[in-house]
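Worksheet: the structure to be examined is printed underneath.
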Amino acid sequence: MRVPAARGPGPKLSRRQRGRNRIAAGQRSPLAQQTTDRLRGVESAPRGLSITDAITGEAIYELNSAEYFQPASTMKLFSLYAGLHLLGDSLPSLCYVVRPDSLVFWGTGDPTLLHGDVPSRRAFTFLQNRPEKLFYTAIPSVEAFGPGWSWDDYNYYFSPERSPLPLYGNTVRFYARPGQPLRVAPRIFAALVEAAPPGASSPDHVRRPLLENHFVVYPSTRSWVDETPFRTGPDVVLRLLQDTLRRPVLALPWRPRHQDSIRTLPGLPVDSLYRRMLQVSDNFLAEQLLLMCSSRLGSDSLNTARAIRAVRQQFLADLPDAPRWVDGSGLSRLNLATARDLTALLVKLHREVSEPRLLSLLAAGGGHGTLRRGYHDARGTWFWGKTGTLTNVHNLSGYLRTRKGRLLAVSFMNNNHVAETGAVRREMERILAQVRERL
Numbered sequence: 001m002r003v004p005a006a007r008g009p010g011p012k013l014s015r016r017q018r019g020r021n022r023i024a025a026g027q028r029s030p031l032a033q034q035t036t037d038r039l040r041g042v043e044s045a046p047r048g049l050s051i052t053d054a055i056t057g058e059a060i061y062e063l064n065s066a067e068y069f070q071p072a073s074t075m076k077l078f079s080l081y082a083g084l085h086l087l088g089d090s091l092p093s094l095c096y097v098v099r100p101d102s103l104v105f106w107g108t109g110d111p112t113l114l115h116g117d118v119p120s121r122r123a124f125t126f127l128q129n130r131p132e133k134l135f136y137t138a139i140p141s142v143e144a145f146g147p148g149w150s151w152d153d154y155n156y157y158f159s160p161e162r163s164p165l166p167l168y169g170n171t172v173r174f175y176a177r178p179g180q181p182l183r184v185a186p187r188i189f190a191a192l193v194e195a196a197p198p199g200a201s202s203p204d205h206v207r208r209p210l211l212e213n214h215f216v217v218y219p220s221t222r223s224w225v226d227e228t229p230f231r232t233g234p235d236v237v238l239r240l241l242q243d244t245l246r247r248p249v250l251a252l253p254w255r256p257r258h259q260d261s262i263r264t265l266p267g268l269p270v271d272s273l274y275r276r277m278l279q280v281s282d283n284f285l286a287e288q289l290l291l292m293c294s295s296r297l298g299s300d301s302l303n304t305a306r307a308i309r310a311v312r313q314q315f316l317a318d319l320p321d322a323p324r325w326v327d328g329s330g331l332s333r334l335n336l337a338t339a340r341d342l343t344a345l346l347v348k349l350h351r352e353v354s355e356p357r358l359l360s361l362l363a364a365g366g367g368h369g370t371l372r373r374g375y376h377d378a379r380g381t382w383f384w385g386k387t388g389t390l391t392n393v394h395n396l397s398g399y400l401r402t403r404k405g406r407l408l409a410v411s412f413m414n415n416n417h418v419a420e421t422g423a424v425r426r427e428m429e430r431i432l433a434q435v436r437e438r439l
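Residue 70 in UniProt numbering is what sits at position 70 of the sequence shown, and the numbering runs on without skipping anything.
Laid out in structure tokens, this is it:
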């Protein structure tokens with residue numbers, strides 16, 4: 001499936017790029033031919049593969065590498081690249097101005113304030129200990145859901161709403177044990193929980209209506225823990241802040257003054273967010289990352305498109321093709337990228353970030369994250385990377401260490417497949433294991 005990029009006709013191919021295409025079309029080494037045969041024989045679904053030397057950038061093997069695919073969560077590698085160029089060493093926790101008897105603050109998009117998995121209390125401690133009166137103002141920001149997202153994912157932990165000042169990861173956590181009262185955190189949501197009516201059933205422990213914070217809990221004879229997104233908004237933020245800080249917080253309209261000196265409170269080290277985002281493929285962290293990048297580009301609003309536009313123009317203009325990049329997580333079906341775009345990005349990352357740090361951020365075969373069940377042997381991990389999975393889509397982009405010690409940048413795209421994802425994943429691993437043995 002050839003899909004043009006959103007910016008119109010792609011750039012004219014250079015002599016080197018045309019040579020790479022010839023490599024893909026004419027290469028007939030035994031390994032290349034065997035790889036091509038395997039790719040074409042598993043299933044009649046669109047597939048793309050690009051293998052490049054991570055050190056030199058030399059193209060080694062390409063099949064449909066210039067075709068556009070839905071990249072899914074491999075787009076988080078683009079978000080990582082944005083953060084590396086725009087955020088510095090620490091996350092921007094919140095912005096504030098100090099006036100004679102008051103402190104006015106607003107969000108930067110930092111998702112870590114009291115987050116359940118990447119928790120930060122820096123903004124909490126800062127606000128709790130300030131002597132001034134506290135005023136929260138809601139900076140203009142993006143819609144809660146991104147373009148091209150599946151709307152009916154709103155009830156699930158992997159799809160919290162985007163917002164300028166998240167608290168608790170914008171989710172409610174439920175802890176259930178037979179014979180004991182249900183525990184709800186944050187506690188302000190406990191009054192909004194009710195048991196399902198007798199005879200009602202659901203495959204989910206908790207259901208919430210699309211447009212309101214009302215949670216229905218379904219019966220179970222087992223212990224369980226669940227995480228359900230809540231509806232965000234300035235009123236909800238104020239209630240959570242007041243309950244958590246145990247002090248008054250008042251609302252103030254968004255009216256920045258030219259004479260205000262805006263300060264930014266530094267938050268957690270950036271790698272704490274990058275590592276969680278990449279290893280377990282956390283969509284919420286990826287979306288909020290681009291909002292934080294936007295906060296570095298201007299103090300008037302939080303805008304995902306502004307961050308994407310700046311990174312593409314300033315740092316990624318040399319990619320082989322023009323990716324269609326619309327969100328931070330890869331949830332959107334509107335994202336499109338080529339396999340060789342992703343390997344080019346991997347080469348850039350390897351050149352700009354020390355190898356030990358870079359590999360430590362990614363999921364590791366046999367170790368941690370989404371690759372923990374594969375891509376390793378008795379000697380240990382041989383692949384570090386980022387998976388990308390949606391219904392009928394399974395991709396993999398990352399670094400492969402060959403038996404001879406060579407480091408390869410690999411992007412393997414599978415779209416529109418109807419086989420079980422596990423079968424696609426196993427075949428990908430078999431192919432890449434052969435590449436590892438023979439290069």
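Virtual Cβ for every residue (Gly too), placed ideally from N, Cα, C.
Asked	Found
Local conformation of Thr421 per DSSP, three classes	helix
Residue burial classification, Gly385 (beta-carbon count within 10 angstroms, cutoff 16)	buried
Neighbourhood of Leu240 by C-beta, 8 Å cutoff - its chain only, sequence neighbours within 5 removed	Leu167, Tyr168, Pro186, Ile188
Cα-Cα separation between Ser120 and Pro269, rounded to whole angstroms	10 Å
Three CB pairs or more closer than 8 Å across the segment 70-77 and the segment 334-347	yes
Leu87 in three-state terms, based on DSSP	coil
Asp110 versus Pro92: straight-line alpha-carbon distance, rounded	7 Å
Three-state secondary structure assigned by DSSP to Asn155	coil
The segment 255-267 touching the segment 198-215, judged by at least three CB pairs closer than 8 Å	no
Residues that Glu227 bridges to, as DSSP identifies them	Arg173
Buried or exposed by the 16-neighbour rule on C-beta atoms within 10 Å, applied to Val129	In the sequence on display, residue 129 carries Asn and not Val. Looking at its Cβ environment, which holds fewer than 16 other Cβ atoms inside 10 Å, Asn129 is exposed.
Opening and closing residue of the beta strand (DSSP E) in which His350 lies	From DSSP, His350 is part of no beta strand (DSSP E) but of the alpha helix (DSSP H) over 339-352.
Three-way DSSP call (helix, strand, coil) for Gly388 in this model	strand
Buried/exposed call for Leu276, threshold 16 Cβ in 10 Å	Note on identity: in this sequence residue 276 is Arg, with Leu being the wrong assignment. Arg276 should be labelled buried.
Extent of the continuous beta strand (DSSP E) to which Tyr274 belongs	Careful: Tyr274 lies outside any beta strand (DSSP E), inside the alpha helix (DSSP H) at 270-279.
Outcome for Gln314 when other beta-carbon atoms lying within 10 angstroms are tallied against a minimum of 16	exposed
With 16 other Cβ atoms within 10 Å as the buried cut-off, status of Pro160	buried
Cβ-based neighbour list, Val311, same chain, cut-off 6 Å, excluding 5 preceding and 5 following	Ala82
Buried or exposed by the 16-neighbour rule on C-beta atoms within 10 Å, applied to Arg351	exposed
Nearest-angstrom Cβ-Cβ length linking Ile343 and Gly328, presumed shorter than 8 Å	Correcting the residue type first, residue 343 is Thr in the shown sequence and not Ile. Between Gly328 and Thr343 the Cβ distance is about 21 Å, and since that is not below 8 Å, they are no contact.
Validate contact between the segment 147-161 and the segment 216-233 using beta carbons, cut 8 Å, 3 pairs	yes
Reference Arg173, options Leu358, Asp117, His394, Lys133, closest by Cα	Asp117
Three-state secondary structure (DSSP) of Asn129	helix
Cutoff 7 Å; reference Asp341; Cβ partners in own chain excluding five residues on either side	Leu319, Pro320, Asp321, Pro323
Supposed contact pair Ala339 and Ser65 - C-beta distance, whole angstroms, cut 8 Å	4 Å
CB of Trp106 within 7 Å of CB of Thr137, strictly	yes
Three-way DSSP call (helix, strand, coil) for Ser329 in this model	coil
Inter-residue spacing [alpha-carbon to alpha-carbon] between Leu238 and Gly367	41 Å
Close beta carbons around Gln279, own chain, < 6 Å, minus the five adjacent residues each side	Ala363, His368, Gly369
One or two residues paired with Gly107 in a DSSP bridge	Leu94
Minimum C-alpha distance to Lys348 - residue among Pro46, His85, Glu62, Tyr68	His85
Proximity of Thr387 and Leu400 at Cβ, strictly below 7 Å	no
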